[in-house]
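Going by UniProt numbering, the sequence shown runs without a break in its numbering and finishes at 997.
Comments concern the structure below.
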Amino acid sequence: MHSGLLARPPQLAPFSGAASPPAALPCRRTPWARPGLGASTPTPRRLCRRNPCGAAKTERPDRHGFRFAAAGQLSSSSPPQREKLQVAASTSKAAVQLQNGLSLQSSRYVIPEDVRAAGFQIDADELTSMVESRDTERLTEHGQLGGIADKLTTSLTDGISTCEDLLVQRQEIYGVNKFAESEPRSFWEFVWDALQDTTLIILAACAFVSLTVGIATEGWPNGSHDGIGIFASIILVVSVTATSDYQQSLQFRDLDKEKRKILVQVTRDGFRQRTLIDDLLPGDVVHLAVGDQVPADGVFISGFSLLLDESSLTGESEPVDVNEDKPFLSSGTKVLDGSGQMLVTAVGMRTQWGKLMAALTEGGNDETPLQVKLSGVANIIGKIGLFFAVLTFVVLSQELIGQKYHDGLLLSWSGDDVLEILNHFAVAVTIVVVAVPEGLPLAVTLSLAYAMEKMMNDKALVRQLAACETMGSATVICSDKTGTLTSNRMTVVKACICGNTVEVNGPLVPSSLSSKLPEVAVETLLESILTNTGGEVVIDQDGKQDIIGTPTETALLEFALSLGGNYKRKRQETKIVKVEPFNSVKKRMTVILELPEGGYRAHCKGAAEIVLAACDKFIDGSGSIVPLDEKTANMLNDTIETFSSEALRTLCLAYRGLEDGSTQEEIPLQGYTFIGIVGIKDPVRPGVRESVASCRSAGIAVKMVTGDNINTAKAIACECGILTDGGLAIEGAEFREKTPEELLELIPKMQVLARSSPLDKLALVKHLRTTSNEVVAVTGDGTNDAPALREADIGLAMGVAGTEVAKESADVVILDDNFSTIVTVAKWGRSVYVNIQKFVQFQLTVNIVALLVNFSSACFTGDAPLTAVQLLWVNMIMDTLGALALATEPPNDNLMEKAPVGRTGKFITNVMWRNILGQSLYQFTIIWYLQSQGRYVFGLEGSKADTVLNTIIFNTFVFCQSGQKGGAREGDNNDIITGCGHPTTAERQGWSGPSGR
């Protein structure tokens, strides 16, 4: 059994008119009758043993390719892919409808023998077809919801059994919740891709001709040196490139595995628990809440105001209500509002989403903006190199061709003549190879892959590769408060009930508090907390109480239990008629109850000042309900401000009676009776103040965007160091009323935006990006944060408190929900940017010097001192080992002491141009001096003088690059010797490639 939250849920209240279920036989699943859906008839089945079985440890094949949360993948995919999916969806739906039309003419459903032998009474194909076609008639034929549950050998209250043999049987009949995976590309496929490079093909042809002519004219082995040297360099370049790409593909597959580790709430063996999405099976009872993605196809069991976004399947943007009349849910859709439970009927490739994914092929990783930009730079430099290569070939060959023309021997060519022309052509081609800085995209890939691996170790999961480089340019971070700046471990520490404010710190205080308050006030308070909640109090396998829900709900339920409340009894006594879940715009949650003694009552909780404004009565110290006069209202507002100034999160609870709650279209917004105010403490995370100070020193502005009271927000912002002297804190209502001209002046000074809605956050991000031209990073955890996360340059979703919708909309998932991790991401982003700058400076210098030396020498002396083989080897070292050394430098503290690059910063800075041109002039001067005066300086004579001099020139060129590498590592620092003294990244980190293997 999974070691998640194991708990037995409360029994569902019987629906009016439903038949009482028969007494459950030992180990027998009881069918569940539902009004409007028909009652199921118990059918005989194989009895299962209830022996203790431990966890089901079925072996599952490793899968790669598509991650499960494909709906989010679709939302961020290209329009052609979305169109293709929608066409596939329409085709699939039409096929199912046609199949349904034919099946209606057939006889009654016949259970396959293998399904019957396994103890089930319906097969996977029948379930799949029924849900895909939304066929309510077929659902009725199978006994409605209770009949389907009965035929799947499951219970709508207790879920499936976790005995290992039963789970294996269920998997064999119905499949597993995994998508078909594409085969991983082998290493040899990457080798083949690397061999498709045009310049390498030309060089291979040159090497073959050189080898053939050389052996024919000079014999073996003297005539084979150049050809073998070129072949060897080609093999090494291909090997390094293929190895890098292969290891990078392995790393991305590993990251995809992390993305698929999605936990869902299920009930199994009568206990509420969390399980991996891959482990879901037909018959599972899944609990859904706002922001979840529907993990499989299924049928609605119960819930309130369940609203789904099915645009990923249908292309329709209109949300879809799910209820007893429209009970079908499809995998990959998103829960926009409400909550509910579903019975899983189809998983994996049998779901509609799985079939659509089978029609698609796995797409490659898109290039990041910097890779695209540098590829363009490489193409321009390559064209310049091609021009110089043609000139070099013409200059080197004109003497030989001119002499033959003068002698009238243009049609008579000896082996030596062919070899000389071939050598000239090889030098020209090699100039193109050296001039084309193909190492630039490789350096970006290495740096990004290295950063992604290290960021994963630092609790940041990169979903979009471009976020690594973009985060380095961030100038503003818009951060949530709860769970990001604070620890998200909430407790009620103060309360104001019946006009009396009390401390609720110690374990004995709540129990003594209940004895001091009027009984009617305590009962009403407990009813409000225990019924108007998105949390749940359950019993785990050890018989202990456990609370499932958000930190705020958990704090309130703990408070109610400490006052003597009984969650299970209270939920059984009352029937919830309608629920309006918490809304970030209305900032409150409301339920309507049908009371045991008759009548209806609405309970409301939410932002303290908003709920208090909806009250016109309150419960006084004697337990009487009296009008809420102005004096009392002012006293309660002062209490809210006092709580907020102490950095407490304030919530107000209220209720009102209703004549007929079942006919209420809209829950009333006014006329409530005030119950109490609670102050919830959520301490600031350790290290947040230091992280905010680090951002400020790095030139990154931090703004808090929260839905909390402005006084609470200001207190937390001051504690975190966000709100400083001269900084402004305003509320969302005031922010929305500002004109664009006023916002232009306000936003640079604004440091806190309180009582904000998701639209306020979206408007702030748009203004910062467009009007202020800032590079914006935004944190978010809720479904409504998705637009702001997409609009931002870098969307940062919370891994613990964040919904699946928020994570799918984000570029980076902060796995520990810690603001300090966001600062670490910024540091790594800057490291990526600076490392690539270092490599660009290093490579452009080598390219310029190699071009100048060979071209000028060919023009003035008729010979090229750097041969094709030499230049190829320099190119190989430069493009591979140079990229590995410079592009994988770890970040240092100095990075966070410089101003951010921003949106308009130059990639190649003035300092870089100074270093490139200075180094090029220095190296060219030394090599040109050696070429013109080397014979006299070193006293070289005889037939081997040119060979020895060219060797000296080549070694000097190589040593110049070693010195230049030190300058490139130091960047703005002029101390080249210090850069040369640094240990290599491989020595320091022990890193063996993009995947760390």
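Glycine residues also receive a C-beta, built at the ideal position from the N, C-alpha and C atoms.
Item	Value
Going by DSSP, what residue range makes up the alpha helix (DSSP H) through Lys761?	758-770
Whose C-beta lies closer than 6 Å to the C-beta of Ile262 among residues of the same chain, with five residues either side of it excluded?	Ile277
Check this for me: beta carbons of Arg463 and Asp811, under 8 Å apart or not?	yes
Give me, in chain order, the residues of the same chain whose beta-carbon lies closer than 8 Å to that of Leu422; leave out the 5 immediate sequence neighbours on both sides.	Cys206, Val209, Ser210, Val213
Tell me the rounded alpha-carbon separation between Gln841 and Leu930.	25 Å
Closest to Asp416 by C-alpha separation, out of Leu400, Ser244, Glu519, would be which residue?	Leu400
Quick check on this structure: which residue in Asp816, His225, Val765, Ser691 has the alpha carbon closest to the alpha carbon of Gln870?	His225
Go through its chain and collect everything with a Cβ distance to Thr824's Cβ below 6 Å, but skip five positions before and after it.	Asp458
What is the DSSP secondary structure of Thr128, counted as helix, strand or coil?	helix
Alpha carbon to alpha carbon, what distance is there between Leu866 and Asn950?	7 Å
Could you tell me which of Val834, Asp946, Lys178, Gly146 sits nearest to Ile908, measuring between CA atoms?	Val834
CA-CA distance, Thr524 and Gly606?	16 Å
Taking Cβ to Cβ, would you say Leu886 is nearer than 8 Å to Phe957?	no
Where are the beta strand (DSSP E) runs, 3 residues long or more, that stay fully inside the stretch 567-646, in chain order?	575-583, 588-594, 600-607, 615-619, 625-627
Going by C-alpha distance, which of Thr783, Leu723, Ser622, Lys617 is nearest Lys631?	Lys617
Under the rule that 16 or more other beta-carbon atoms within 10 Å means buried, what is Arg914, buried or exposed?	exposed
Compare the beta carbon distance of residue 1007 and Ile794 with 8 Å and say whether it is the shorter of the two.	For residue 1007 there is no data in the structure shown, the boundaries of the chain being 1 and 997.
Helix, strand or coil: which one does DSSP assign to Gly934?	helix
Could you check how far apart the C-beta atoms of Arg134 and Phe328 are, in whole angstroms? I think they sit under 8 Å.	5 Å
Verify whether the separation of the beta carbon atoms of Ile730 and Ala647 is less than 8 Å.	no
Out of Gln545, Gly657, Pro686, point me to the one whose CA is closest to Val591's CA.	Gly657
Entirely within the stretch 252-334 and at least 3 residues each: give me those beta strand (DSSP E) ranges in chain order.	263-268, 271-276, 285-288, 297-309
Per DSSP, which one or two residues make a beta bridge with Val344?	Gly298
In the structure shown, what three-state DSSP assignment does Ser244 receive?	helix
Label Glu132 either buried or exposed according to how many other C-beta atoms from any shown protein chain fall within 10 Å of its C-beta, with 16 as the threshold for buried.	buried
For the stretch 454-480, list the alpha helix (DSSP H) runs that are entirely contained and at least 4 residues long, ordered along the chain.	466-471
Residues in its own chain within less than 7 Å of Pro319 by CB, not counting five upstream and five downstream?	Leu307, Leu308, Asp309, Leu336
Measuring alpha carbon to alpha carbon, tell me which of Cys718, Ile625, Ile952 ends up nearest Val520.	Ile625
Tell whether a beta-carbon distance below 8 Å holds between Ile111 and Leu343.	no
Could you tell me which residues DSSP pairs with Ser155 in its beta bridges?	Gly159
If you draw a straight line from the alpha carbon of Thr153 to that of Asn323, how long is it in whole angstroms?	23 Å
Excluding the five sequence neighbours on either side, which residues of its own chain have a C-beta within less than 6 Å of the C-beta of Ala289, listed in chain order?	Ser339
For Gly687, does the count of other Cβ atoms within 10 angstroms reach 16, so buried, or fall short, so exposed?	exposed
What is the DSSP secondary structure of Val800, reduced to helix, strand or coil?	coil
Note down the Cα distance separating Gly699 from Ser487, rounded to an integer number of angstroms.	26 Å
Tell me where the alpha helix (DSSP H) around Asn950 begins and ends.	945-970
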